[in-house]
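Residue numbers (the numbering used here): 27 to 375.
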């Protein structure tokens, strides 16, 4: 199992100036590269301190210059927000700049907050149709020349992307799934999948993994062509008091996430206010990877034994930068080597 670092652009520390956000994110990524993380993941989010990464290509371009080995996953790109011709050019240029270290993830978006501020709808039918049309056009632009596409969501003629991609035919492509059914269909498509546990059981997570593998198999693809990764909030606590404090911070972040997802958060001056949600911080704790070292080791090995190819560490769930760096260093030195040396248990065990 490989390890990836998410750079979320989350800034809850209003006692500190947000001018520290980008330098701290970059410092975290540089440390992860030195620790042997296989990739950094940078999302696309707008207009809020919950995810202040409006230009993931700019951040990834900087990381391409200051890291040596890690791949750069720009994900999730919200296709309804993009002119697909411009997006294709950004992807191709970053692929060249990073010398083929680029991977991309595509989706419709995670809630109505951002589309509404772009004066776009967020109902299922319109966003699904727009996403599918633009995804098809994007693949054409990245693999063909003199491309013409005209439909309700894309309209261009005789377009050739220059420079072309370095990776042929395409960079690895990721999609997000929280359901076994969609994971199966993504497996049949031959794309990689990211999922998460949230408050679901490990049996639920196992179903998603199994469905994805079945989709890859039914498509007649080699098993190694499909990768599935799990995103998890991670913090290696110094002691129980530190663990309890970080669980509280993660709970506050979940309150903000649910407010954005349901478009019920009050957002003023870019600051997201959380909403009341079901459950207590301790109700969420079992599905997180926040705890003392032995607990974190056990949880990570659980995901490895379920058959995940990638474990995506989400360290920015509330701790300040010094704590994030200390936790990440401990994780890299004490936890990651376990997945390199320990044999994987059978998923049927």
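Each residue gets a CB set at the ideal place from its N, CA and C atoms; glycine is no exception.
No experiment lies behind these values; they were computed from the predicted model shown.
DSSP, read as helix, strand or coil, puts residue 255 in strand. Straight-line spacing of the CA atoms in residue 339 and residue 326 works out to 10 Å. Between the stretch 210-228 and the stretch 139-149 there are fewer than three inter-stretch CB-CB distances shorter than 8 Å, so the stretches are not counted as touching. Here the alpha carbon of residue 365 sits roughly 13 Å from the alpha carbon of residue 322. Just so you know, the alpha carbons of residue 195 and residue 169 end up roughly 6 Å apart. Nearest to residue 229 by alpha-carbon distance, out of 87, 363, 332, is 332. Residue 41 carries a coil assignment under DSSP once its states are collapsed to helix, strand and coil.
Between residue 167 and residue 257, the alpha-carbon positions lie close to 30 Å from each other.
Between residue 94 and residue 59, the alpha-carbon positions lie close to 7 Å from each other. Per DSSP, the continuous beta strand (DSSP E) segment holding residue 218 begins and ends at 218-222. With a threshold of 16 other beta carbon atoms within 10 Å, residue 92 falls short and is exposed. Note on residue 101: 16 or more other CB atoms within 10 angstroms of its CB, so buried under the neighbour-count rule. Counting along the chain, the unbroken beta strand (DSSP E) around residue 101 starts and ends at 97-104.
When the Cα atoms are used, residue 292 and residue 220 turn out to be separated by approximately 29 Å. Between residue 65 and residue 35, the gap from beta carbon to beta carbon reaches 8 Å or more. A direct Cα-to-Cα measurement between residue 312 and residue 324 gives close to 12 Å. Per DSSP, residue 340 lies in no alpha helix (DSSP H); the unbroken beta strand (DSSP E) holding it starts and ends at 336-340. Within the stretch 161-242, the alpha helix (DSSP H) runs of at least 4 residues that lie entirely inside it are, in chain order, 206-215. Here residue 123 is near residue 90, since their CB atoms are less than 8 Å apart.
A straight-line Cα-Cα distance of about 11 Å links residue 56 and residue 354.
In this structure residue 116 is buried. Its beta-carbon is surrounded by 16 or more other beta-carbon atoms within 10 angstroms. Selection 143, 218, 62, 29 evaluated against residue 133 yields 218 as nearest (Cα-Cα).
C-alpha of residue 317 to C-alpha of residue 135: approximately 31 Å in a straight line. In the structure shown, residue 303 falls within a coil segment according to DSSP collapsed to helix, strand and coil.
Here residue 114 really is in contact with residue 187; their C-beta atoms are around 5 Å apart, less than 8 Å. With at least 16 other beta carbons inside 10 angstroms of its own, residue 129 counts as buried.
Inter-segment contact for the stretch 300-310 and the stretch 261-276 is present: three or more beta-carbon pairs are separated by less than 8 Å. Burial state of residue 266 is exposed, judged by a 10 Å Cβ sphere holding fewer than 16 other Cβ atoms. Residue pairing from DSSP leaves residue 350 without any beta-bridge partner. Listed in chain order, the non-local C-beta contacts of residue 144 below 7 Å within the same chain comprise 107, local neighbours out to five positions each way being set aside. With at least 16 other beta carbons inside 10 angstroms of its own, residue 210 counts as buried. DSSP places residue 60 in the uninterrupted alpha helix (DSSP H) bounded by 47-61. The C-beta distance from residue 286 to residue 139 rounds to 5 Å, short enough to meet the 8 Å contact threshold. Counting every other CB atom within 10 Å of its CB across the protein chains shown gives residue 43 a total below 16, marking it as exposed. Put simply, the backbone Cα of residue 303 is about 44 Å away from that of residue 175.
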